[in-house]
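Asks:
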Amino acid sequence: MSHRKLVLCVVDSLRTEMLTEAARGGAAPTFAELLERGSLISDCVASFPSVTPACSSEIVTGVRPDRHWISGSNWYHRSEGRYVEYGSSFEATRAFGLFRSLYDIVYNMNMSHLSHEVETIFERLGDQGVRSACTPFLIYRGRTRHELGLEGLLRRVAVAASFRHATWGPDELFYGELYSSRVVDCRPTLARPGTRDEYSACVGRELVANDLYDFLLFSLPDNDHHSHKFGPEAQIESIARADAAFTELADAAGGLDTFLDQNAVILLADHAQTRVEHPLPLAEALGSQWRVLQPNGDPAGAELAVSPIARAAAVYVLGERRRAARRHAEVRARLREIDGVELFAWLSGDRAVVERDGSELRFRRGSGVVDRRGVGWEVEGDLAALEAEVCAERFDSQVYPDALARLWSALRAPYAGDLLISAAPGYELVDWGGVTHCPGGSHGALRADDSLAPLVLCGLEPGTEATREQWALCDVADLVLDHFGIGERRDSLRVHRPAGTWPAFEVGG
Ligand SMILES: [Zn+2]
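Note that our numbering has the sequence shown beginning at 2, numbered continuously upward.
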């Protein structure tokens, strides 16, 4: 167990080569120091879909969507008969209703949708008396009760929505206008993307200066917004701002040397980002053939629900079981014709199937081949479906990293769609507000470009970086717990799924 505190700094959408370029060119001097003194893992793999709600959940719980249950930024809630929208865009939020979305993003995501069968790092640390803190981050569930704070614009929204719930978070929880575990002289700007790193930095300074944490999750979301708007190649500017925000923490400790004497640091991204040019209006395309459930529509008459998830999507086949099985096959036939749908996957019996360009690969857990994370699989069909190769019983795909395990977990998640889609390079799904980031940046796909991002370890046990061949976001929780000498995750909890969320039918063929 280390004598140091630990800061987990999450820079949203940070690309590895943009980080190293910003460090080399002088735009990010503090991150350059972390790289110099620590070690860089350049290809830590994100969740699928590679979007912030799923990835943040994986970071904080150490498990993937089949266990933490957060399937994406939009999903269809079968038992409630409605879409859940976590704020893909302001327009999408408005399409579902501001109150409803606020409730889902801030409260339900942590208190209802995130599985209670797994524990977050804040809960594990809290149980051991380790003081935890976080700046605004989607997943914050912990052991300490916090009353609603309410300031500014969100106050008016929340009051109008009769939203007055207390929540449970780390000891020190700062969530902009909504929750603040103590009075700080920082202007919350949760509702305005692009100005949130400043708030994190301001709160972080207080936490460092007053010694209020052993573990701090320091979230810097603005790089995502900047990169969506101007494209991933423009990240240097927003990385410089993230670096400046992080530097404020170090300054509050009296300089970087003192700060790093007192704190180990893990710097990482939740996912990367790639260039997008072409909108993919999937709901509209499927809507010409089937009745697609609209935002706040009546599910009774709908045949499909469609969840656009940036560069991924989920399709839910609704209605009576036998008809649904046939419709599933018809939807697959239609997906083959839609520009921008690169691959799609589904469950068939006890196997997962992935199809791309006429090639089909079926797989399940087993002992035929082993992936780069040491997990065994039985695969049959065409490896070309994942541009994969098998060499000496080792399964690998450069194009779709950790593809089998990520698809397997995504498909078996209780709120997963009956079909999961990954978009081709350059395409982004049109969200329910009618919006994309084209031309600009986006993420969400199974591809390496969306999925591989940096993981920098500084001040952890020497040699930690060499302990895995392929790092993934789900490894981060164990790094945190190991740092504080807290053992293996407790896996004895019984897993039972929300009613009505098992795959609705068996799909043949
Ligand atoms: Zn994003």
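Glycine included, every Cβ here is placed at the ideal spot set by N, Cα and C.
Taking buried to mean at least 16 other C-beta atoms within 10 Å of its own C-beta, is asparagine 111 buried or exposed?
Replies: Classification of asparagine 111: buried, given that the 10 Å Cβ count is 16 or more.
Asks: Between the alpha carbons of glycine 88 and glutamate 59, how many angstroms are there, rounded?
Replies: Taking the straight line from one Cα to the other gives about 19 Å.
Asks: Return yes when the C-beta of glutamine 236 is under 8 Å from any heavy atom of ligand 1, and no when it is not.
Replies: No, the Cβ of glutamine 236 stays beyond 8 Å of every heavy atom of ligand 1.
Asks: Classify glutamate 356: buried if its beta carbon has 16 or more other beta carbons within 10 angstroms, exposed otherwise.
Replies: Answer is buried; the Cβ neighbour count reaches 16.
Asks: For the stretch 318-376, which segments carrying the beta strand (DSSP E) assignment without a break, of at least 3 residues, lie completely within its bounds, in sequence order?
Replies: As far as the stretch 318-376 is concerned, its whole beta strand (DSSP E) runs of at least 3 residues are 342-349, 352-357 and 360-371.
Asks: By Cβ distance below 6 Å, which residues in the same chain neighbour alanine 282 in space, the five residues on each side in sequence not counted?
Replies: In the sequence as presented, alanine is not what sits at residue 282; that position holds proline. Same-chain partners within the cutoff: Val431.
Asks: Relative to the C-alpha of arginine 206, which candidate in Tyr108, Gly255 and Asp476 has its C-alpha closest?
Replies: The residue with the shortest Cα to Cα distance from arginine 206 is Gly255.
Asks: Around the C-beta of glycine 39, are 16 or more other C-beta atoms found within 10 angstroms, so that it is buried, or is it exposed?
Replies: Result: buried.
Asks: So what does DSSP say about glycine 382, is it helix, strand or coil?
Replies: Reduced to three states, the DSSP call for glycine 382 is strand.
Asks: Decide if glutamate 18 is buried, meaning its Cβ has at least 16 other Cβ atoms within 10 Å, or exposed.
Replies: With fewer than 16 other Cβ atoms within 10 Å, it is exposed.
Asks: Spatial neighbours of tryptophan 291 within its chain, please: CB distance less than 6 Å, with the 5 preceding and 5 following residues excluded, ordered by chain position.
Replies: Once the five neighbours on either side are set aside, the close Cβ partners of tryptophan 291 are Glu304 and Leu305.
Asks: Say yes only if the C-beta of arginine 443 is nearer than 8 Å to one or more non-hydrogen atoms of ligand 1, and no if none qualify.
Replies: One point to set straight first is that residue 443 is serine, not arginine, in the sequence displayed. Yes.
Asks: Measuring only the C-alpha atoms, how far is glutamate 381 from valine 481?
Replies: Those two C-alpha atoms are separated by around 38 Å.
Asks: So is serine 512 buried or exposed if we call it buried at 16+ other beta carbons inside 10 Å?
Replies: The structure shown has nothing for residue 512, since the chain only spans 2 to 510.
Asks: Give every residue of the same chain whose Cβ lies closer than 8 Å to the Cβ of glycine 369, excluding the five residues on either side of it in the sequence, and list them in chain order.
Replies: Cβ within range, chain order: Gly377, Trp378, Glu379, Val380 and Glu394.
Asks: If you count every other CB in all the chains shown that lies within 10 Å of the CB of serine 398, and 16 or more means buried, which is it?
Replies: Serine 398 is buried by the Cβ-count criterion.
Asks: Quick check: histidine 69 and leucine 115, are their CB atoms within less than 9 Å of each other?
Replies: The answer is yes: Cβ separation under 9 Å.
Asks: Taking only three categories from DSSP, how would you classify histidine 438?
Replies: Reduced to three states, the DSSP call for histidine 438 is coil.
Asks: With a 10 Å radius around its C-beta and 16 neighbouring C-beta atoms as the bar for buried, classify leucine 179 as buried or exposed.
Replies: So leucine 179 ends up on the buried side.
Asks: Pop quiz: proline 280 and threonine 437 are said to be a contact at Cβ under 8 Å. What is the actual Cβ separation, rounded to whole angstroms?
Replies: 5 Å between Cβ atoms; contact.
Asks: Buried or exposed: where does valine 131 fall if 16 or more other Cβ atoms within 10 Å of its Cβ makes it buried?
Replies: Buried, by the Cβ-count rule.
Asks: Mind checking which residues open and close the alpha helix (DSSP H) that includes leucine 103?
Replies: Residues 99-103.
Asks: What did DSSP end up calling threonine 196 once you bin it into helix, strand or coil?
Replies: Coil.
Asks: Based on Cα-Cα distance, which residue from Ala265, Leu319, Cys10 and Gly486 lies nearest to glycine 302?
Replies: Checking every option, the nearest Cα to that of glycine 302 belongs to Leu319.
Asks: Closer than 8 Å by C-beta to glutamate 507: which residues in its own chain qualify, once you throw out the five before and the five after it? Chain order, please.
Replies: Here glutamate 507 scores only 37 on pLDDT, less than 50, and its place in the model is too uncertain to base an answer on.
Asks: For proline 335, which residues from the same chain have a beta carbon less than 8 Å from its beta carbon, with the 5 sequence-adjacent residues on both sides left out?
Replies: As written in the sequence, residue 335 is arginine, which differs from the proline given in the question. Excluding positions up to five away in sequence, the list reads Ala286, Leu287 and Gln290.
Asks: For cysteine 187, which of helix, strand or coil comes out of DSSP?
Replies: The answer is coil: DSSP assigns cysteine 187 none of H, G, I, E or B.
Asks: Any heavy atom of ligand 1 closer than 8 Å to the Cβ of aspartate 225?
Replies: Checking every heavy atom of ligand 1 against the Cβ of aspartate 225, one is found closer than 8 Å.
Asks: Decide if alanine 134 is buried, meaning its Cβ has at least 16 other Cβ atoms within 10 Å, or exposed.
Replies: The residue in question, alanine 134, is buried, as its Cβ has 16 or more Cβ neighbours within 10 Å.
Asks: Pull up the DSSP beta-bridge partners for alanine 473, would you.
Replies: Alanine 473 pairs with Val46.
Asks: What's the C-alpha gap between glutamate 361 and alanine 353?
Replies: In a straight line, the C-alpha of glutamate 361 is about 10 Å away from that of alanine 353.
Asks: Taking buried to mean at least 16 other C-beta atoms within 10 Å of its own C-beta, is glycine 359 buried or exposed?
Replies: Exposed, because fewer than 16 other Cβ atoms sit within 10 Å of the Cβ of glycine 359.
Asks: Cysteine 392: buried (16+ other C-beta within 10 angstroms of its C-beta) or exposed?
Replies: That one is exposed.
Asks: Count the CB pairs spanning the stretch 438-451 and the stretch 23-33 that are closer than 8 Å, and state whether there are at least three.
Replies: No, because fewer than three Cβ pairs between the stretch 438-451 and the stretch 23-33 fall closer than 8 Å, the two stretches do not touch.
Asks: Counting along the chain, where does the beta strand (DSSP E) carrying leucine 269 start and finish?
Replies: Element bounds for leucine 269: 264-269.
Asks: CB-CB under 6 Å to alanine 210, same chain, minus the five flanking residues each way: which ones, in chain order?
Replies: Closer than 6 Å at Cβ, skipping near neighbours: Ala253.
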